[in-house]
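> Residue 791 is where the sequence shown starts when you use this note's numbering, and the numbers rise one by one after that.
The beta carbon of each residue, even a glycine, is placed where N, CA and C say it ideally should be.
Owing to the predicted nature of the structure, the values given are computational and were not obtained by experimental measurement.
Dumping the structure here so I can ask a few things about it.
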Amino acid sequence: MPASATELTIDKAALLARYVAERDKRLRTDGTAQYQRTEGVFERYKLDVQADRIEREPVFDHVTFAFVGGGFAGLVTGARLAEIGVTDVRIVEKGSDFGGTWYWNRYPGAQCDTASMVYMPLLEETGHRPSEKYAHGPEILAQCERIGRQYRLYEKALFQTEVTGAEWDKTASRWIISTNRGDRFTATYLGLGTGPLHVPKLPGIPGIETFGGHSFHTSRWDYAYTGGDAEGAPLDRLADKRVAIIGTGATAVQIVPHLAAAAGKLFVVQRTPSSVDVRENRPIDPDWFATVATPGWQRRWLENFTDNQAGGNARDDLVQDGWTDISRRIRSRLMGLPREQMTQAAMIAAYEDCDFEKMEEIRARVDTTITDTTTAQALKAWYRQLCKRPCFHDAYLPAFNQPSTELVDTDGKGVDRITPTGFAVAGREYAVDCIIFASGFEVGSDYEKRAGFDPVGRDGLTLSSAWRDGMRSLHGIHVHGFPNAFFVQPAQGANLISNIPHNLVEAGRTIATVVGHALAVGKPVVEVAENAQQAWVEQLLDGPPRLLGAPDCTPGYYNNEGQEPTAAMRSAVGYPAGPSAYFRYLDDWRMSGAFTGLTFT
Ligand code: NDP
């Protein structure tokens, strides 16, 4: 196969050396301990700014299915249960409405990063046509509310409520659930969809607590201070303000264009640049949609997207975007190879070459967009595309051409300190009125720490002790010792990161099938056998190493900030043959009706 023009000009050895040097610059001994939780004086950073507290009487009743978390996981599971006639579902949610991440994250520019056609759940069932290829936050939130209404999930939901305990009552074969609102109710089944990235974290910058100006975390956007709204109205109260945003991850990339357009002066404080590829968002044409949305369309799109971006065998690419691009490139390279050369090593080499090529294009995009050469150099990402969350945006880079916007690049070191009047980097002090923390969310910490409670299963077994040496499950859903409990999340299943909802939709379908079977055969208690769980976990851990979170990557939450992975992270693996194969396997497992590995009593 002839080498492409880009291929010929790439000096791979020099690039690798640069990648290593940039990573080494950022490695630090404190790893994730560099961050601080939003506690004590920072408690206000996680308060609900959307709604006032609603008073209500506690509940002490029984439901068939209780679900912790009102995001996509709870909604799709609740919907699938309703479809099989289990309507007695209670979702318990900390926020004041459904939506999960889309309830909390209402910052300007919030938008799905994965195409709406595959990202927004239950489009076909609800009959909703997304307005854009990548829908904005309010539309996604409205879809959550639509699901809630259509499947009557509002009727039993408890909002502004945090679960404080869930304990299996062996005698009555039901879960006892308690909350911070004094509720104590029971449920035959318990679903857990508490989300992987929902506890805001703050950078451990010295002096952070001394700042005397205004400040907030991106997941609790303060429109009262900035003006504007989540629907896109300009942030009109910032015209005379000097604003700093600390962090340049996927969230900041979406926010910066809006701040740049509104703030008197904007400082974008960067430790590591994101890779920012093209977005090319556009409205969805109703006529086109009508031709596509034939029965079964969303499942076909989901499978096609997963097939394309996670190394499947799809012939066509329905979504066609940055997520599928690298797979398209790898496939086209491999297709040119004779059959006997199609080895794993050849695939890894093809992946590496395509990645170099892709990242060179992303860096070239910075040069062609940014007018100031120093700023352009600082905005280039020197790592493989999947070392950090890839970003896609067409207005982020141009924002740095505005005279009022200044990139404060910390050369991998981070902010030196925060003062009562601003912040300091490399000995220079910047006075600001407002600091916005785009510093992300707690990841990879113990389940009970993020969920806020530690489920207690059979014979007093806590989840924290069951998972002391890492997660153990069958399909990421069933956990031995926790009868009638179902986890809805990606790990130990498909582990598909580019489209989390696909994991959730399939888990919801599985749970409804299992519960439907348990109720139909009159054996309502379902639990995974220990040996089945053991075999599943072993199969997963014996699989190929993850490309995501590789130790040679620049530090970030994908690789535990460059430190040894924790037990929780090591066990957050997926089906060795990949997400597409996993979804096919799970479908066969469900459809067979044998539910191999589960016991029903
Ligand atoms: P991230 O954890 O990705 O980013 C945190 C940022 O804060 C990084 O740029 C980090 O730098 C920076 N930072 C941390 N400490 C310091 C410091 N001391 N000084 C200066 N900078 C510092 O959080 P995000 O909220 O951006 O994204 C979290 C995740 O949410 C994403 O990865 C993605 O999964 C999801 N998301 C999805 C979206 C979508 O689908 N639409 C949109 C937005 C987010 P460094 O890189 O050096 O650590």
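Which value, in whole angstroms, describes the spacing of the CA atoms of R1380 and A1310?
15 Å
> With three or more beta-carbon pairs closer than 8 Å as the criterion, would you say the region 1055 to 1073 touches the region 1199 to 1213?
yes
> Using C-beta distances below 7 Å, list every residue in its chain close to H1183, excluding the 5 sequence neighbours before and after it, in chain order.
Excluding positions up to five away in sequence, the list reads V1043, Q1044, V1066, R1069.
> Thinking P1291 and P911 are a contact (beta carbons under 8 Å), I'd like their distance in whole angstroms, please.
5 Å
> Which residue comes first and which comes last in the alpha helix (DSSP H) that contains Y924?
No alpha helix (DSSP H) contains Y924, which DSSP labels as neither H nor E.
> Should the region 1293 to 1302 be called in touch with the region 1275 to 1284, which here means at least 3 C-beta pairs below 8 Å?
yes
> Looking at C-beta atoms only, is the number of pairs between the region 880 to 890 and the region 934 to 949 that lie closer than 8 Å three or more?
The count of Cβ pairs closer than 8 Å, one atom from the region 880 to 890 and one from the region 934 to 949, reaches three, so the stretches are in contact.
> Name, in chain order, the residues that DSSP records as bridge partners for I967.
A956, F975
> For G1298, count neighbouring Cβ atoms within 10 angstroms of its own Cβ and tell me buried if that reaches 16, exposed if not.
buried
> Any chance the CB of I1208 is under 7 Å from a heavy atom of the ligand NDP?
no
> Please identify the residue among T877, G868, L992 whose C-alpha is closest to the C-alpha of C934.
G868
> Determine which residues share a DSSP beta bridge with H1270 and list them.
Answer by DSSP bridge pairing: none, since H1270 is not bridged.
> Beta carbon of R813: closer than 7 Å to some heavy atom of the ligand NDP?
no
> Taking just the CA atoms, how far does D1077 sit from A932?
Spanning the two alpha carbons is a distance of roughly 22 Å.
> Hey, how far is the Cα of V908 from the Cα of K1178?
If you take the alpha carbons of V908 and K1178, they lie about 22 Å apart.
> Could you tell me the boundaries of the beta strand (DSSP E) in which H852 lies?
852 to 858
> Anyone know if the C-beta pair for A1322 and L1264 falls short of 8 Å?
L1264 is positioned such that its CB atom lies closer than 8 Å to that of A1322.
> When you compare only the Cα positions, how much space is there between A795 and A1319?
Summary for A795: the model assigns pLDDT 43, below 50, so the residue's position carries little reliability; its value from the coordinates is reported in the next sentence. Answer to the nearest angstrom: the Cα atoms are 55 Å apart.
> Under 8 Å, do G955 and S963 count as touching if we go by C-beta distance?
In this structure, the beta-carbon distance from G955 to S963 does not fall below 8 Å.
> Taking 8 Å as the limit between beta carbons, can you name the residues of its chain near D1026, skipping five residues before and five after?
G1017, G1018, A1052
> Which residues share a DSSP beta bridge with L948?
V882
> H1307 by DSSP, collapsed to three states: which one?
helix
> With 16 as the cutoff for other CB atoms within 10 Å, does A807 come out buried or exposed?
With fewer than 16 other beta carbons inside 10 angstroms of its own, A807 counts as exposed.
> On the three-pair Cβ rule with 8 Å, is the region 1095 to 1110 touching the region 1358 to 1376?
yes
> Just to check my reading of the structure: S1064 and A1171 have Cβ atoms closer than 8 Å, yes? What is that Cβ distance to the nearest angstrom?
6 Å
> What's the C-alpha gap between Y979 and N970?
Roughly 20 Å between the two C-alpha positions.
> With distances taken between CB atoms, is the gap from C1144 to R1105 smaller than 8 Å?
no
> Let's see if you can read the secondary structure: which residues bound the alpha helix (DSSP H) around L1330?
1320 to 1331
> In the structure shown, what three-state DSSP assignment does R1240 receive?
helix
> Can you name the start and end residues of the beta strand (DSSP E) that E1219 belongs to?
1218 to 1221
> Could you compute how far the alpha carbon of G1364 sits from the alpha carbon of H1268?
Each residue's Cα considered, the two are about 15 Å apart.
> If you compare alpha carbons, which of G927, P928, S906, H926 is closest to R919?
Selected option, being the one with the closest Cα: S906.
> Is the beta carbon of I998 within less than 7 Å of some heavy atom of the ligand NDP?
no
> Leaving aside the five residues before and after D1107 along the sequence, list all residues of the same chain whose C-beta is less than 8 Å from its C-beta, in chain order.
N1094, N1098, T1114, R1118
> Expressed to the nearest angstrom, what Euclidean distance is found between the alpha-carbon atoms of L1251 and T1081?
As the crow flies, the alpha-carbon of L1251 is around 52 Å from that of T1081.
> In whole angstroms, give me the CA-to-CA distance for D851 and F1277.
23 Å
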